[in-house]
Structures are given as structure tokens and as C-alpha cells.
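For reference, the structure is listed below as C-alpha cells.
In the UniProt record's numbering, the protein residues as written are 1 to 644.
In C-alpha cells:
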């Protein structure tokens, strides 16, 4: 169809049937072209006549039916990010990072984004044998994936956190760059997370001499020297339950090294240069010591290179690549360790304790990915609403549509400020500037932020996909890629329930001190905002939620242990909502806060901030409820002695 003046409604987004009705004359061949009607038929009428007389299959078709949403420089368009940095960073630091982030935002659009899409189109391939039948176990990755590794080094996405050019703000600055990078990374953010985690473990060990070379490679800015690390923890019997699911054994060699034997069921970024992994140490006869048979006390942490100096696999066999729902750009494999040479880097039997610092880092990376995916989808949804016409007006002029996007925006803002808070605290702790209270709060907020943002991201990206209508479901728009890759974030680094129980362990281990720090931090932030009249309703709602949470904890203290386990998820949600709401209020109380900042804080606090208190009132956390839950789930199944 060629464009014409009479067909403008179609160009504006009206449906084809309406265009057809407006543009089609009753009898195309009866158009009068006599002198009385004019010496010539208008060019547009001629084109229309030609199209109508041409068989449909041969007509020239418009190549563009809907305008593609295109967001610009992610950094320049993220008002919340820029206002946060302006508020918190020292002026000199702000001036330097502002310039670099603007440059990086441009590089993301011009170079990194196309590479990420190429990684999606060219996922890794496993070639087990060569042409002559020799086993090679070669994981073939595309050139874009390999270029991503170079860019990570060039941009210092790992190095920034360990060079500490900006003291305690270095970790936050790294997180900001990763936040901008994440959705364009082609899933390279996963090996970045594990590399950061490995570097953190080595640093926490004091960078022993045997690991100095590895640490230098993991934190290098030189693409030729930079290494990535894997994290081989999951075996056939376990996911999060590494303590009881790890079967791999390590046998000590005369030279002091170890040989590892076992099956690693899920190894992300299997093409990495090095890895950390867990195993149980066996004696000279190959028997695992009695205290090492079960539980975390028997696990030790090992460092190993994936390939030897000749480039051959380190007694490792690749069984197959995993067929995943998302993150297809990255090679995730099943590996058989058949005597892989490794170095023991933890105290014997203290492997799980040693990786706690790594888990903190990788969980923060998970939060980064969650917030980044939400921000990207909302940016595209917002841009699409400015372009797409439906029912006679732009989507942005439909109140219900804008309300939906606004609700997603509020969720994303709360998640973003949670991310900034935990990275701010981490920066303080890493530079020995944090107090004991900062350490306790960080320990609590990392699992809380990870579990909550993982759930938020899944809901927001699916809702945002819907805002594009049918186009959101089309693979070549790239939108389903973001959705698929986001759905794993509630699973990676601990599922929602696993992390909810970890929150309870945090309370128990600190003997309740962590909650005292939590309440104190919330109260201080609310006091600073209480003088802002527009925030009074939000402040009151948050204080009421805190009171409800305190009442729940007092009541739960007299209940059975199962009560707190049943309440763990809702309890963790309450912590996330209260603290995120407090951060939104704090941000909105700034002297230069916008009306949007204030509106976001008030809207966030309008939701149920303390769901755990509501549930306690109807006894759904009582021991009897656990029995009822099982009966409800398995009613009619063979486990209950009957069939549906």
C-alpha cells in the first residue's frame, strides 16, 4: 500500500478495515478523468487506482505498520539514577563518574547492544568429537560473546570494585555500571557476577601468594590478561542444599595439590578460565572421613583452572549443554571431573563458610539484573506509549494504560533504591568504614533484596510485555528475550523460600540484634522526612507497618518454630516493603525532590506494607495450617490414597 492523503488514519494507527472503507471508491474504473473533472488525475488517486487494480498478492506493501520504540542513552534518561548519584556522591567523584557514565551509555547503544543481540542469535554449541573421532569437548561460542569478555575488562566492570579509586563509593559505582550494562550484555552479566564473587573470596582470604596471579587476572583491565570464573556448586542431588547434595571428593597428591572426582550438574559459563568448587576430602585409601560424609562441615573449597598450559581440559569431560528457558546466550553444562587438578583454598571442612562472601556478591548481582530488566522494559513501554495509536489516540493518552505503567515505575523505583542501599553499605564494609550495625543491616538486606526483587522483576517484565500487545510476544522484537532471562532471577542464587529461611537464620544468629538495627535505621530515615507535609501519609503508613511487624514478632515468640517457618516469606516481604518504602520517603524528602519522587513514595506506601501481620490474624501460620496446606496440595493424588 502506498501512502495517500486519504489514508492518513491508517498511518496514524487505525485498523486496516477502516482504512479500506475510507479509501475504496464504489467503482474504481468509474473515476471520471474527463476535462470537466480536470486535465489529469492526481498522483495520489493514480496510485490508489493502480493498487486497487493490482492483485493483492502483487501489491506493494508498507514495510512499517507500527513504530519501533527506541530508548536513548540509558544513563541520561534515568532521572532517578542521576538524582540519587547527585544526592549521595561527593562532588569530585560525581563529576568524574558522570562523564564516564554518559560515555558508557553511548557505548552501550552503539557497540554493546548489537553484540548482545548477536549472542542471542548465536548461542553456544557443544562439539564433543573432532572429524577423526577424537574427543575434544569443545564449547564453541560466537565472536560477540568473546568480544563481551574484552569489553568487561576494558570498562573495569570487575576491576572498579577492587581498585577502590573512589574509596567506599567504588562498589556503588561498579553497581551502577553493571545496572546499565545488564540488559545489553547478552547474559555475560552471569560470568561477571561469578568472577566478582571469586575475586571477593580470594580477597577475603588475604590474597595468598598462590592465588595472587589468579586475583590479578580476575581483576585486570587488560583484555588479554582478564579471566572469568565459574561457580561449580550444584550437583545431581542438590541445588541450594549444597551441604547434603555434594558428592564430589578430593584426593590429596604428594605435591600438596588435590585431584577432584565427581559430577557437576549445573555449571554456568562453562567456558570460563577458572572456577571455584566444593568437594569432600578423602584419605589415601579414597575413603571420605566420617565427619565429612554429610553436612556443610565436611565441605572444602577448591580453586582450579579449567584448562592446562597447553589449552587442554583439566581432566574435565563435558557431558552436554543445558537446554534452558532463558539465558541461552551462555553455555551452561554438565561436567564430569575425572581427576581435575585443584588447589585447596579454604580450611578443611570450612568451604561453605568461605563462600559466604561470594554468595553476597552474586546475590547483589542478581538484584542488579532484576532492577535493570524492570527499568529497560518500562523505558521501552513508556516510549511505545508515545508512538502507538489505538482507538483514535496515543497510548499515553489512555489513563488506564498510563496507570499500569506508573504502577510498574513505582515498583522499579523501590527496587532500585534497595539496590543502591545494599551496595552503599557493602562499600562501607569493604573499606572498613562501616559500623557493626552496617554489617548487620547488610547481612539482612542482601537476601531480602534478592528474594523480593526477583519476584518483582518477573511480574513487572510480564506486565510490560503486555503493554506492547501482540508485538510483545514476537521474538524478533527482543522483548521475549528480556522476559525469559528475567524469570531465572527468582531461582538463581537461592529461591524465594530458601532466602526467606536465610532471613530467619540471620535473626537467630544475631540473637535479634539485626532487627533492632533494622528498626533503628527505618526510624532515623522517617524522622528526617517527617517535616515534609506531603509525605506525612506515607510516613504514618510506614510507622504503622513497623508497629504491626513488632507486634507480629512478639506474638510469634510464643508460637512453635513452624509458625515462623510458615511466616518466613511474608515476613521477608514485609521487611522489603517497609525498607524500600522508607528509602523512597527519604529520597522524596530531599530539598530538590520532584513531584514524581513524592508521588512514588506515597503510592508505594499505599500497598500492604506488612502482609505478615495480616496473615497472623487468621492463624494461617499455626502448626495445623501446615497439615491443611499439604492436604490442599495433594487432595485426590495417589499420595492421599485416591485418584482424581
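Virtual Cβ for every residue (Gly too), placed ideally from N, Cα, C. Given the structure is predicted, the values throughout are model-derived calculations rather than measurements.
How long is the line joining the alpha carbons of residue 169 and residue 317, rounded to whole angstroms? 42 Å
Do residue 276 and residue 352 have their CB atoms nearer than 8 Å? no
How close, in whole Å, do the beta carbons of residue 380 and residue 69 come, if the pair is a contact with beta carbons under 8 Å? Taking the Cβ atoms as the reference, residue 380 lies roughly 5 Å from residue 69, within the contact range of under 8 Å.
Please report the distance separating the alpha-carbon of residue 118 from that of residue 545. 47 Å
What would DSSP say about residue 70, mapped onto helix, strand or coil? coil
Quick test of the definition: if touching needs 3 or more C-beta pairs under 8 Å, does the stretch 526-536 touch the stretch 494-504? no
Would you mind listing the alpha helix (DSSP H) stretches within the stretch 427-502 that are 4+ residues and don't spill past its ends, in chain order? 436-466, 479-487
Buried or exposed (CB count within 10 angstroms, at least 16 for buried), residue 391: exposed
Cα separation between residue 29 and residue 325? Unreliable positioning characterises residue 29 in this predicted model, as indicated by a pLDDT of 38, which lies under 50. The coordinate reading is nonetheless provided below. C-alpha separation (whole angstroms): 55 Å.
Please report the distance separating the alpha-carbon of residue 158 from that of residue 87. Taking the Cα positions, residue 158 is about 25 Å away from residue 87.
Just to check my reading of the structure: residue 586 and residue 528 have Cβ atoms closer than 8 Å, yes? What is that Cβ distance to the nearest angstrom? Contact flag correct, Cβ pair sits at about 7 Å.
Check the C-beta distance from residue 173 over to residue 160 and give it rounded, since I have them as a contact under 8 Å. 6 Å
Cβ neighbours of residue 428 in the same chain (closer than 6 Å, five flanking residues each side left out): 168, 434, 438
Under the three-state reduction of DSSP, which class applies to residue 300: helix, strand or coil? In the three-state scheme derived from DSSP, where H, G and I count as helix and E and B as strand, residue 300 is classed as strand.
Taking 8 Å as the CB-CB limit, is residue 129 close to chain D? Absent from the structure: chain D. Only one protein chain is present.
Would you be able to state if there are at least three C-beta pairs under 8 Å between the stretch 305-319 and the stretch 334-341? yes
Among 122, 156, 151, 530, the one whose alpha carbon lies nearest that of residue 142: Check the Cα spacing between residue 142 and each of 122, 156, 151, 530: the tightest is with 122.
What's the C-alpha gap between residue 334 and residue 137? Going by the C-alpha atoms only, they are around 12 Å apart.
Could you pull the DSSP bridge partners for residue 333 from this structure? 267, 321
What residue from 597, 303, 270, 272 has the CA that sits closest to residue 279's CA? 303
Leaving out five residues before and five after residue 288 in sequence, what residues of the same chain have Cβ atoms less than 7 Å from its Cβ? 249, 280, 282
Spatially closest choice to residue 188 from 441, 364, 151, by CA coordinates: The option with the nearest alpha carbon to residue 188 is 151.
Measuring alpha carbon to alpha carbon, tell me which of 226, 165, 206, 130 ends up nearest residue 147. Answer by Cα proximity: 226.
Range of the contiguous alpha helix (DSSP H) that encloses residue 733: This structure gives no information on residue 733, because the portion of the chain shown stretches from 1 to 644.
I need the DSSP call for residue 561, collapsed to helix, strand or coil. The answer is helix: DSSP assigns residue 561 an H, G or I state.
Classification of residue 388 by the beta-carbon crowding that lies within 10 angstroms, buried from 16 upward: buried
Residues bridged to residue 341 (per DSSP): 259
Contact under 8 Å by Cβ, residue 270 with residue 230: yes
From 163, 96, 190, residue whose alpha carbon lies closest to that of residue 366: 190
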